[in-house]
Amino acid sequence: MNLKSNTAIVTGASKGLGTACSKALVRKGTTVFGLARSLESLKNIQSMLGSQFIPVQMDITAPKSIRHWVDKTFSDDLLPDILINNAGCGHFGKVDEMNSEQWRQLIDTNINGILDLTSCIVPLMKRSTEGSHILNIGSVLGILGNAGKSGYCASKFAVRGFSEALFKELRYNGIKVTCINPGSIDTNFFEDAGITPHKHMLQPKDIANTIIHILETPDNMLINEVTMRPLNPKPPKD
């Protein structure tokens with residue numbers, strides 16, 4: 000895929016990996032609709048990236064709002080080429096200590112949000128005469144379980160299964176689907192689990208550059224799943 004002049008949607012764009020992906024895409028000449036709940040944070044990113052980054056205040060757990068935005072934004076004159084389902088939440092703890100509200104927030108954000116947005120975007124991608132690409136951000140915790148993270152693991156196992164089925168469903172429509180499974184990333188995402196970010200963790204910009212490489216593969220080549228981890232995950236010594 001030639002990324003210049005293409006149109007991308009990036010969820011969770013206001014921080015971390017979502018911001019890094021938005022920056023990498025804009026550098027390639029892509030127009031990015033950055034979705035997140037914090038409009039102020041999105042506007043700060045726009046001030047750095049310019050008019051090719053378009054802030055969209057959106058809660059991906061609100062399906063009616065998603066449908067309304069998609070319907071008013073896209074048409075045959077403007078079709079989305081790339082969807083990066085990056086937004087996610089993390090609640091961690093033992094199964095008998097996690098309350099039902101936290102569990103439902105995990106499911107609503109990490110699974111239902113992906114389904115609601117993807118189901119709106121796929122019909123538009125099917126109308127495109129050019130190739131399209133959906134990337135779902137999973138986790139190594141969607142490949143192997145870990146004690147104290149059962150709810151999060153369940154949600155990310157679902158993302159991986161959804162991605163696998165979706166690529167087989169959409170491949171003959173010219174739509175690629177890739178699941179990205181990163182290990183620990185140098186952001187504040189896992190602080191609730193008592194994990195302090197450090198420089199030996201994966202860097203958001205490096206994951207974003209890998210995503211750019213996947214997007215730029217030849218049209219008939221699909222990298223449907225990638226797992227990446229820090230080589231040395233231990234914190235650097237002082």
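For the sequence shown, numbering that gives the first Met the number 0 puts the final residue at 237, and the numbers step up evenly by one.
For each residue, glycine too, the CB sits at the ideal point set by N, CA and C.
Can you tell which of Thr72, Arg26 and Gly112 has its C-alpha closest to the C-alpha of Cys238?
-> No answer is possible for residue 238: the residues shown for the chain start at 0 and end at 237.
Have a look at Ser74 and Asn5 and give me their C-alpha separation to the nearest angstrom.
-> 14 Å
For Thr285, which residues of its own chain have a beta-carbon under 7 Å away from its beta-carbon, when the five flanking residues on both sides are left out?
-> The structure shown does not extend to residue 285, since the chain is modelled only from 0 to 237, so the question has no answer here.
Look at the Cβ atom of Thr256, then the Cβ atom of Glu100, and state whether they are nearer than 8 Å.
-> What is shown of the chain runs 0 to 237, which leaves residue 256 out entirely.
With a CB to CB cut of under 7 Å and the five nearest residues on each side skipped, what residues in its chain are close to Thr226?
-> Within the same chain, Thr226 has close Cβ partners Val139, Ile142 and Asn180.
So the alpha helix (DSSP H) Met47 belongs to, where does it begin and stop?
-> That run of the alpha helix (DSSP H) goes Leu38 to Leu48.
From Gly173 to His199, what distance separates their C-alpha atoms?
-> 37 Å
May I ask you to verify whether the segment 103-111 touches the segment 49-61, counting CB pairs closer than 8 Å and requiring at least 3?
-> The segment 49-61 and the segment 103-111 touch, with three or more beta-carbon pairs separated by less than 8 Å.
Count the other CB atoms within 10 Å of the CB of Ser21; is the residue buried (16 or more) or exposed (fewer)?
-> buried
Range of the contiguous beta strand (DSSP E) that encloses Met227 = Glu224 to Met227
Would you check if there are 3 or more beta carbon pairs closer than 8 Å linking the segment 1-15 to the segment 32-44?
-> yes
Whose C-beta lies closer than 6 Å to the C-beta of Ala7 among residues of the same chain, with five residues either side of it excluded?
-> Leu24, Thr29, Val31 and Ile81
Taking Ser183 as the reference, which of Ser162, Asn145, Lys148 and Pro229 has the closest Cα?
-> Pro229
Helix, strand or coil for Ser131, going by three-state DSSP, please let me know.
-> strand
Starting from Ile59, trace the alpha helix (DSSP H) both ways and give me its first and last residue.
-> Where Ile59 is concerned, there is no enclosing alpha helix (DSSP H), given that its DSSP letter is neither H nor E.
Is Val9 helix, strand or coil by DSSP?
-> strand
Between the beta-carbon of Pro54 and the beta-carbon of Lys71, is there less than 8 Å?
-> No. Outside cutoff.
Which whole-angstrom value describes the C-beta separation of Val238 and Asn135, a residue pair presumed to lie in contact below a C-beta threshold of 8 Å?
-> This structure gives no information on residue 238, because the portion of the chain shown stretches from 0 to 237.
Leaving out five residues before and five after Leu105 in sequence, what residues of the same chain have Cβ atoms less than 7 Å from its Cβ?
-> Cys88, His90, Gly150, Tyr151 and Ser154
Would you list the one or two residues that DSSP bridges to Val31?
-> Ala7 and Phe52
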